[in-house]
Amino acid sequence: MGFLSKIFGKKEVELKRPQVREDAALIKTLTGHEDRVLGVRFSPDGKKLVSGSFDEKVKLWNVETGNAIHTMSGHTTWVKCVDYSPKGDKVASGSIDSTVRIWDVVTGKCLHVCKGHDTEVRMIAFSPDGKVVASCSRDTTIKFWDAETGSELKTLFGHKSYIECIAYSADGKKLVSCGEEPVVKIWDIETGKNIANYATGDTLSHFAAFSPDGSKIALCGRDAKVKVLDATSGKVIHILEGHEDGVRSLCFNPAGTLIASAANDESVRLWDVEKGTLAHTYRGHTHEVQSVAFSPDGKVIASGSDDFKIKLWGVV
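Going by full-length UniProt numbering, the first residue of the sequence shown is number 1, and it counts up by one from there.
If you want it as structure tokens, here you go:
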């Protein structure tokens, strides 16, 4: 008999966390990380998945079996972001240890450690041709690294505060960046010049991405909204509302017709870009969802969460 039972003579009722009913569209759950999963990306053929975690590890997964192929160690603190080379031969990771690492997919060995940022790396992205890895940091800079040698190519200056995300346009000519400023910035890759600045209406934007055709930019952040902008004018096309807490990540499907978003409200949501409406809400994670990615064929969504799990969902 517990302490309260002795005093009041009543049986204590054990408090249990409510069970989350997993969405019927759930395909499988990948387990193996020992802490929060902060980044997920599919390989170009959709057969593999790379993930980065608070456990300081980068993992490569077989999507069909759900088994880990490699567990890659080297970062000295949590891995914030990952990306897969368009050629499928390399993956890259960015860490709070201020480095970018480039890994060989076949062997799982680290090819290069890219050092240059003064503080944590928040996002990385391979260029569409796979020759360059871009990274952004809380040191307010964007850097470009040679994917073959790991050497630093150039640095972009212009942000006045933390940068949370960068993303290439599909043609590789532009880069979008956002962070702890009420703007998204557009950069010309060749010249390194900041060619446009669009107001976000939010004090912190976690993520931004170009649509596959380059005509739109989607962004999300602290205000729990997903916004779709015209990439040329910055005009707001849609404000997608439904998440109940800050939105951490988003991505367009390959056709550019859907956006998947992940949020602190433990959900992944699917949006119709043309209509500006919610198409589906995926439930199953039991903690904040940090990252989301579409498979190359657009049929599967991967999500990484603070519950240490990666979930694969069918697009409904």
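Virtual Cβ for every residue (Gly too), placed ideally from N, Cα, C.
None of these values were measured; they are calculated from a predicted model.
Identify which residue in 186, 32, 151, 239 has its Cα closest to the Cα of residue 68.
What you label residue 68 is simply residue 68 of the sequence shown in a count that begins at 1. The residue with the shortest Cα to Cα distance from residue 68 is 32.
Could you say which of 151, 242, 117 lies nearest to residue 142 if we only look at CA atoms?
On the sequence shown, residue 142 is found 142 positions in, with the first residue counted as 1. Residue 142 has its Cα closest to that of 117, out of 151, 242, 117.
Three-state secondary structure assigned by DSSP to residue 9
By 1-based counting over the sequence shown, the position of residue 9 is 9. Only weak support exists for where residue 9 lies, its pLDDT of 45 falling under 50; the value from the coordinates is given anyway. Reduced to three states, the DSSP call for residue 9 is coil.
When you compare each of 274, 213, 94, 75 to residue 84 by their alpha carbons, which one comes out closest?
For the purposes of this step, residue 84 is taken as residue 84 along the sequence shown, with counting starting at 1. The shortest Cα separation from residue 84 among 274, 213, 94, 75 belongs to 94.
With distances taken between CB atoms, is the gap from residue 46 to residue 212 smaller than 8 Å?
The sequence position of residue 46 within the sequence shown is 46, counting from 1. The sequence position of residue 212 within the sequence shown is 212, counting from 1. Result no, Cβ atoms of residue 46 and residue 212 do not sit closer than 8 Å.
Counting pairs of beta carbons, one from the stretch 222 to 234 and one from the stretch 283 to 292, are three or more of them closer than 8 Å?
no
For residue 78, which beta-bridge partners are listed by DSSP?
Here residue 78 is taken as the residue at index 78 of the sequence shown, counted from 1. Residue 78 is not bridged to any residue.
Residue 119 (DSSP reduced to helix, strand or coil):
For the purposes of this step, residue 119 is identified with residue 119 of the sequence shown, where counting begins at 1. Residue state, collapsed to three classes: coil.
What's the C-alpha gap between residue 182 and residue 163?
Mapped onto the sequence shown, residue 182 falls at position 182. Mapped onto the sequence shown, residue 163 falls at position 163. Inter-residue distance for residue 182 and residue 163 is about 11 Å (C-alpha atoms, whole angstroms).
I need the boundaries of the beta strand (DSSP E) containing residue 241, first residue and last residue.
Numbered from 1 along the sequence shown, position 241 holds the residue referred to as residue 241. Looking at the DSSP string, the run of the beta strand (DSSP E) that includes residue 241 is 236 to 241.
Three-state secondary structure (DSSP) of residue 113
Indexing the sequence shown from 1 puts residue 113 at position 113. In this structure, residue 113 counts as strand in the three-state DSSP scheme.
Reducing DSSP to helix, strand and coil, say where residue 197 ends up.
The residue given as residue 197 occupies position 197 in the sequence shown. Strand, per DSSP.
On the DSSP bridge assignment, give the partners of residue 53 in chain order.
Your numbering for residue 53 matches position 53 in the sequence shown. DSSP output for residue 53 lists 37 as bridge partner(s).
Helix, strand or coil, according to DSSP, for residue 206 in the structure here?
Indexing the sequence shown from 1 puts residue 206 at position 206. Residue 206 falls in the strand class under three-state DSSP.
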